[in-house]
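Let me begin by presenting the structure, written as structure tokens, before commenting on it.
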Amino acid sequence: MAKVTVVGAGNVGATCADVLAYREIANEVVLVDIKEGFAEGKALDIWQKAPINLYDTRTVGSTNDYSKTANSDVVVITSGLPRKPGMTRDDLIATNAGIVKSVTENVIKHSPEAIIIIVSNPLDVMTYQAHITSQFPRTKVMGMAGILDTARYRAFLAEALNVSPKDIQAVLMGGHGDTMVPLPRYTTVGGIPVTELIDEETLEAIVQRTKTGGGELVKLMGTSAWYAPGSAAAQMTEAILKDQRRVFPVCVKLEGEYGIDNCYLGVPVILGKNGIEKIIELDLNEDEMALLKTSEKHVKEVMDVLDKM
Ligand code: LMR
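For the working numbering, count along the sequence shown from 1 and bump the result up by 71.
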């Protein structure tokens, strides 16, 4: 009997809860929000969709009552403000750091064994916040960004090559910001290296568009994305609950991997029942390593901001 809590019933949280329910990834999904009645309403709406879409996952809403979340196997934290046009993700630290801290405190009181997935921004530093607040092992506190950024990259490539996005495999590393590190060298289309199918200029344009992919949507909609982020968090949850041992880029505290210490960055990992089962260390070339180091520097600067708060 798998139980998942999603904190934050806004667009991302509700999308994640919906995917978890209609794909029957969990038996019970508890949606929590501070806004009176909001989570209850969304949970009820998702439950009323069950007879139409044919699933039996129970969805429960709660206005800040964490007792309903007790003994969750996985907790997805989406709480906090989304950015508005003109803002960077880092601009959200002042509001979201306190929110993620208090949500994490509430979560661990009721689910001391849970695996925590952070979605709130600035992603890498909010993962740091949840990790130091929970004091859980680093394998059990992770951030969702790599699947999302990689999905954007894969979607843009599928469009440019006019092929199914299903056939594009890729990995993207680093922080969830403009310093993220897409890796064309590790990108394949049905097993064929992407560099054999696309010219350098088009590929570079896609890499650049991926780096600012979140901002592109904020500009279009006046707020940040939700379908892909919510689905990505649900995919990580599924890998954990079903012990799938899937290989995804995930934000985790590095302790010497890639020659980087005490920094929260996206790297390829194996996700299974214990959370991060293994961090995969790729043999990066000099250019790729330099990009990862730039990303590390940026994330560490924002971690310092949190330390001084
Ligand atoms: C995203 O990449 O869609 C999220 O991090 C939200 C944002 O502000 O870009």
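Heads up, the beta-carbon is just placed ideally off N, CA and C, and yes, glycines get one too. Only a predicted model underlies this, so the values are computations on that prediction, with no experimental measurement involved.
Worksheet item: To the nearest angstrom, how far is it from the Cα of Q279 to the Cα of E328?
Response: 26 Å
Worksheet item: According to DSSP, what are the bridge partners of E326?
Response: D332
Worksheet item: With distances taken from CA atoms, which of R160, N82, E272, I203 is nearest D249?
Response: R160
Worksheet item: So R223 is in the beta strand (DSSP E); what residue range does that whole segment cover?
Response: Careful: R223 lies outside any beta strand (DSSP E), inside the alpha helix (DSSP H) at 217 to 232.
Worksheet item: Using the rule of at least 16 other Cβ atoms within 10 Å of the residue's Cβ for burial, across every protein chain shown, is S295 buried or exposed?
Response: buried
Worksheet item: How should G84 be labelled, buried or exposed, when 16 other C-beta atoms within 10 angstroms of its C-beta is the threshold for buried?
Response: buried
Discussion item. With distance defined between alpha-carbon atoms, name the residue in L274, Y298, D195 nearest to M251.
Written reply: D195
Practice prompt. Inspect the CB distances between the stretch 330 to 350 and the stretch 237 to 247 and report whether three or more fall short of 8 Å.
Written response: yes
Discussion item. Counting beta carbon pairs with one atom in the stretch 116 to 125 and one in the stretch 134 to 150, are three or more of them shorter than 8 Å?
Written reply: no
Fill in: the stretch 260 to 269 in contact with the stretch 347 to 356 per 3-pair CB rule at 8 Å
no
Worksheet item: Is D367 helix, strand or coil when you go by DSSP?
Response: First, the amino acid is wrong: residue 367 is Glu here, not Asp. Of the three classes helix, strand and coil, the one that applies to E367 here is helix, per DSSP.
Worksheet item: From L274 to E230, what does the alpha carbon distance come to, in whole angstroms?
Response: 12 Å
Fill in: Closer than 7 Å: N192 CB and nearest the ligand LMR heavy atom
yes
Worksheet item: Thinking C-beta only, is V147 closer than 8 Å to C87?
Response: yes
Worksheet entry | Cβ separation of L91 and T128, assumed to be a contact under 8 Å, to the nearest whole Å | 7 Å
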